[in-house]
Amino acid sequence: MPMRIDRREALLGLTSSVLLANRAHARFDQQAWSNSVFAHGVASGDPASDSVVLWTRITGLAEVSDVDWVVATDKALKNIVAHGVTSTSRARDFTVKVIPEGLPSGQRLFYQFRVGGVGSPIGRTQTLATGNLESLVLAVASCSNFPFGRFNGYQAIAEDPDIDIVVHLGDYIYEYSETGYGAEAGRRLGRIHEPRHETVTLEDYRRRHAQYKADPGSLAMHAAHPLIATWDDHESTNNPWSGGAQNHQPDEGAWPDRRSVSLRAYYEWMPVREPEVGQAPELRRGHFSFGDLASIVTVETRHMARAKQIEFSEHRDALTSPEAAAEFYETVVGAEDRKMISSSDRDFFEAALRQSKAQGQPWRIFLNQTILANVISPELSDPTFIESLPADDESVSSLVEGLTSLGALKLPANMDAWDGYPVARERLYEAAISAGVSDLLAVTGDTHVFWQNRLFDSRQQPMGLELGTSAITSPRGFSQLGQPATERFDQLTAEQNRSVDWVDGRNRGFIKLTLEHTHATADFVALSSIEDRRFTTEVVRSVDIRRDGDVIDYV
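Just so we're aligned: the sequence shown equals residues 1176 to 1730 in the working numbering.
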């Protein structure tokens, strides 16, 4: 049953939108969250117990300018707890980032920037609790591709007053040109990427971030809730690894240069803490502690250590039978030197889990970019799957042929995920076990699909659970199969994989995760439309998670 939301005034009293009892959502008034000087709104993120990053961008400046900022405990900005003056310039694309210190812990706060007598929209944020914390509500989001649709999922998150923090699992922007991925939808919806060519230079990435930030749903979400973000691949380009990327070509310059400018734009345009002095910008990781309730930890999986992705299509001669495929997977895919995270990140991960365990927190959340659970492609000889396929479609026939081959060989389809790095996954689990942890709760993005998974190590011992979120807008990779075939494919995936309880690739949306001391609830929230400005939301699945000692399991 869809959950009901009471009618109330719109968030912060700054917009004419209302939350309707039937969970319908009206178009947000963009002017409530931006103006000509603050065209990209305000945002906050990377909260600590006594500080938080505050962000904005000034439009229309030609030179350096001073910017005033203030933080208060009330939305009228009367009870001020921090204030100051900072500056911005063309050198950082006129973005502004401040980190006020000494803020009260575990409290919702309000903030505003001012320049030249003009005030920004008032944003809402909060610091992390240090003592007893009864509950924590997270919105889990991923994969917001501008041409494919409106950021209605962000708007729905903004309108939910229960949400404390938004965790974004990457693919916050996409790098493609107007003729690339999403071109047809972008032309139909009038959402053409800017710049129109693929992002390669610093200015390209800055313009792309600016376009995404100006979306009404994005403006609202960032003003309403603080963000904890980890990047995935498209913040730079598709499927990067430590020495290159699938979508980086020789005529696009040196890969380290492109990676460097993409990460520079990311730090400029996102409400995240800057790298420490002497720290490589590629090393983005974090540990966030929420009182006596939970820890969130994330590590870098794209640029620091990842080995190049293996393509099965390049090894057809070695994949002649299930037995040959098993040997190939063990010896080539499972080679000891195929890293996904650095040893430094693995140590950081273990230390964060050890600290959480010592503090008696019941929940350890792993912010994870790509699917962690082991997922083998399903065998597709099932008559109900074959009968549900669209007829006389060459692209569908080719796709099904490839999927059928992987299923017959019992190989995973997603080699960019942890399945492509089984030794690295085992080392991650070993670090958790060393910290006394076998109850990870991973939240994962990347696939544009909802997942309810179980985690097992190589000995098939339980390591926790995984909740995968669908996309804000990005479509499933093989949506051309049509809904009946897609639904049956998902059913077969769950039936044939011990690690998969449920998977749904039909819906776009996000996860609302509520944590309490003895249990958690994951609501998989789907959007009725990403093309219409008016839409509804529905909880298509609600899952309870209970704890029994050091074991967590679905109820």
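Where is the CB? At the ideal position from N, CA and C, for every residue including glycine.
Asked, Found
"Rounded to whole angstroms, what is the Cα-Cα separation between T1412 and G1419?", "10 Å"
"Check the DSSP bridge columns for K1272 and list the partner residues they point to.", "W1230"
"Taking all protein chains shown into account, decide if Q1544 is buried (16 or more other Cβ within 10 angstroms of its Cβ) or exposed.", "buried"
"State the Cα-Cα distance for the pair T1305 and I1720, rounded to the nearest angstrom.", "24 Å"
"State yes or no: is the C-beta of L1616 within less than 8 Å of the C-beta of W1538?", "yes"
"Hey, could you find the ends of the beta strand (DSSP E) E1443 is sitting in?", "No beta strand (DSSP E) holds E1443; the alpha helix (DSSP H) holding it covers W1430 to W1444."
"How many angstroms separate the CA atom of Y1729 from the CA atom of G1611?", "21 Å"
"Give me, in chain order, the residues of the same chain whose beta-carbon lies closer than 7 Å to that of G1361; leave out the 5 immediate sequence neighbours on both sides.", "P1322, E1353, I1367 and H1368"
"Could you tell me the distance, in whole angstroms, from the CA atom of I1340 to the CA atom of E1276?", "19 Å"
"Determine the extent of the alpha helix (DSSP H) in which F1326 is found, giving its start and end residues.", "Careful: F1326 lies outside any alpha helix (DSSP H) and carries neither H nor E."
"So does the stretch 1592-1608 actually touch the stretch 1649-1661, counting three or more Cβ pairs closer than 8 Å?", "no"
"Less than 8 Å between the C-beta atoms of T1270 and S1219, yes or no?", "no"
"Could you give the DSSP three-state label for R1521: helix, strand or coil?", "helix"
"Beta-carbon within less than 6 Å of M1396's beta-carbon, same chain only, minus the 5 sequence neighbours each way: which residues are those?", "Y1329, I1332 and A1333"
"Among the candidates A1399, V1624 and Q1530, whose CA atom is the shortest distance from the CA of K1250?", "A1399"
"Three or more C-beta pairs under 8 Å: does that hold for the stretch 1485-1504 against the stretch 1255-1271?", "no"
"With a Cβ-Cβ cutoff of 8 Å, do A1469 and Q1386 count as a contact?", "no"
"Taking only the alpha-carbon atoms, compute the straight-line gap between R1521 and L1377 and give it to the nearest angstrom.", "31 Å"
"Taking the beta strand (DSSP E) that I1485 belongs to, which residues open and close that run?", "Unbroken run through I1485: none, as it is neither H nor E."
"Just tell me which of I1608, T1622, F1653 and A1646 has its CA closest to the CA of F1631.", "I1608"
"Quick check on K1253: buried or exposed, where buried means 16 or more other Cβ atoms within 10 Å of its Cβ?", "exposed"
"Give the range of the alpha helix (DSSP H) segment to which I1608 is assigned.", "P1597 to S1609"
"Measuring only the C-alpha atoms, how far is P1391 from R1673?", "41 Å"
"From the DSSP output, read off the bridge partner residues of R1716.", "F1699"
"Buried or exposed for I1255, please, with buried defined as at least 16 other CB atoms from any protein chain shown within 10 angstroms of its CB.", "exposed"
"Please give the ranges of any alpha helix (DSSP H) in the stretch 1496-1553, keeping only runs that are unbroken, at least 4 residues long and fully inside the region.", "1497-1503 and 1518-1533"
"Check the C-beta distance from L1394 over to G1216 and give it rounded, since I have them as a contact under 8 Å.", "4 Å"
"Using the C-alpha atoms, what's the distance from Y1441 back to H1384?", "8 Å"
"How far does the alpha helix (DSSP H) with K1253 in it reach, from first residue to last?", "Note, K1253: premise wrong, no alpha helix (DSSP H); not H, not E."
"Would you mind giving the Cβ-Cβ distance between L1344 and T1644, rounded to the nearest angstrom? I have them listed as a contact below 8 Å.", "7 Å"
"Is F1288 helix, strand or coil by DSSP?", "strand"
"Kindly confirm or deny that the stretch 1283-1296 and the stretch 1508-1524 touch, where touching means at least three C-beta pairs closer than 8 Å.", "no"
"Out of D1346, D1432, L1438 and E1359, which one is the CA nearest neighbour of R1381?", "L1438"
"From V1436 to D1567, what distance separates their C-alpha atoms?", "45 Å"
"Which of the three DSSP states is assigned to A1566 in this structure?", "coil"
"Measuring straight from C-alpha to C-alpha, what distance separates R1433 and V1273?", "27 Å"
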